[in-house]
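S.K.: Protein chains in written order, with the working numbering: chain L, 3 to 267; chain D, 37 to 127. Structure provided below as structure tokens; questions to follow.
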Ligand SMILES: Nc1ncnc2c1ncn2[C@@H]1O[C@H](COP(=O)(O)OP(=O)(O)O)[C@@H](O)[C@H]1O
Ligand SMILES: [Mg+2]
């Protein structure tokens with residue numbers, strides 16, 4: 003029986019889809035059998051990020067409506083044959099799927115796959131409820147901005163209310179230079195405010211844009227600075243204890259004071 | 037030396053600090069799930085009670101929830117124009 007993990011955030015555009023694609027590909031790199039489920043009904047995206055948009059025949063709603071068998075709707079990745087995608091439907095009907103159907107779907111997928119990763123839509127409506135319904139664990143993505151962290155806090159509360167405890171946090175798009183200058187909240191600030199466990203820190207990385215253009219997740223490219231961060235997240239999710247990469251180790255007030263004394267001597 | 041200290045203090049007052057403070061405050065309200073209308077009702081009731089004893093500046097009055105470490109506190113700043121005479125209850 004595999005594990006179902008939902009990647010969620012509250013706010014849109016913080017990197018849920020990018021993260022899902024890269025974590026999923028990261029698992030596949032490890033030889034794990036993994037399926038990515040695009041739960042963003044009406045705003046299908048994950049297929050494009052994965053470069054699989056031309057292979058879609060059936061979608062998630064075709065499965066839950068019984069128009070096809072689950073296996074028929076799964077698209078195998080171009081590069082990794084243990085990696086699959088279940089694309090979102092492009093319907094405008096918000097209620098095309100319900101949480102009960104999602105639970106069943108996740109259960110069925112978890113029988114065949116080591117990991118089932120659910121890419122959650124933005125918001126706290128039906129789409130969010132569907133996406134979290136069948137999840138064993140939740141991963142929250144945020145960026146170091148007031149609005150994104152605020153929404154993350156709201157999501158943590160809603161997950162708690164649904165009985166999904168101990169979500170793990172990914173802070174995306176960190177810019178070490180700005181953190182250094184005191185112009186961006188750092189990881190410690192965010193963790194302290196949200197009071198959750200940290201799962202990973204992903205730097206702002208131009209290569210994400212390039213890889214999204216190409217439809218090849220950045221994790222496979224060693225030139226990408228985010229690649230290592232994704233790999234570490236994958237290892238942590240599979241239970242390994244991986245130390246956090248410190249992009250900025252001397253921003254604390256103490257080290258500044260120490261430097262001051264060093265200077266004065 | 038002074039320059040150096042100032043530069044450091046300047047650093048510490050970067051927009052990150054502002055972001056943290058704003059976030060803290062907005063989360064206090066989000067977490068206790070208090071609507072602005074709720075706070076407004078509370079304020080009106082407070083005014084009613086306090087007005088029995090003193091004349092206050094309602095326009096400048098501020099009632100907010102804030103967080104001290106892990107607990108939430110109700111903090112009110114109520115400018116008093118003058119005390120009312122003779123309305124203080126005597127035993
Ligand atoms: N670490 C990063 N560095 C640079 N760009 C990023 C990073 N993470 C995400 N992005 C970009 O941000 C945008 C939104 O990301 P996306 O994954 O679609 O967010 P969501 O699914 O939460 O709406 C995309 O254009 C993506 O390429
Ligand atoms: Mg998305």
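Every residue gets a Cβ at the ideal spot worked out from N, C-alpha and C, and that includes glycine.
#1: Counting only beta-carbon separations shorter than 8 Å, does residue 185 (chain L) have a partner in chain D?
#2: Leaving out the 5 sequence neighbours to the left and right, which residues in its chain are closer than 6 Å to residue 19 (chain L) when beta-carbon positions are compared?
#3: Taking DSSP's pairing of strands, which residues face residue 205 (chain L) in a bridge?
#4: Using a Cβ-Cβ cutoff of less than 7 Å, which residues in the same chain neighbour residue 101 (chain L) once the five nearest sequence positions on both sides are dropped?
#5: Suppose the cutoff is 8 Å on Cβ atoms and the five residues either side in sequence are ignored; what does the same chain contact list for residue 36 (chain L) look like?
#6: Is residue 145 (chain L) helix, strand or coil when you go by DSSP?
#7: Please compile the residues from chain D whose C-beta is within a distance smaller than 8 Å of the C-beta of residue 156 (chain L).
#8: Does ligand 1 have a heavy atom nearer than 7 Å to the CB of residue 147 (chain L)?
#9: Please state whether the Cβ-Cβ distance between residue 64 (chain D) and residue 108 (chain D) is less than 8 Å.
#10: Which ranges does the beta strand (DSSP E) cover as unbroken runs of at least 3 residues, wholly within the stretch 35 to 77 of chain L, from first to last along the chain?
#11: Is the separation between the beta-carbon of residue 146 (chain L) and that of residue 187 (chain L) shorter than 8 Å?
#12: So which residues on chain L does residue 51 (chain D) lean against when the C-beta distance must stay under 7 Å?
#13: Residue 265 (chain L) to residue 184 (chain L), Cα distance in whole Å?
#14: Tell me whether residue 18 (chain L), by its Cβ, gets closer than 7 Å to a heavy atom of ligand 2.
M.R.: Let me spell this out:
#1: yes
#2: 47, 48, 51, 121
#3: L:176
#4: 131, 132, 135
#5: 26, 29, 30, 84, 85, 86, 115, 116, 117, 118, 119
#6: coil
#7: 66
#8: no
#9: yes
#10: 36 to 40
#11: yes
#12: 185
#13: In this predicted model, residue 265 (chain L) has a pLDDT of only 36, less than 50, meaning its place in the structure is not dependable; the value taken from the coordinates is given anyway. Using only the alpha carbons, I get a separation of about 21 Å.
#14: yes
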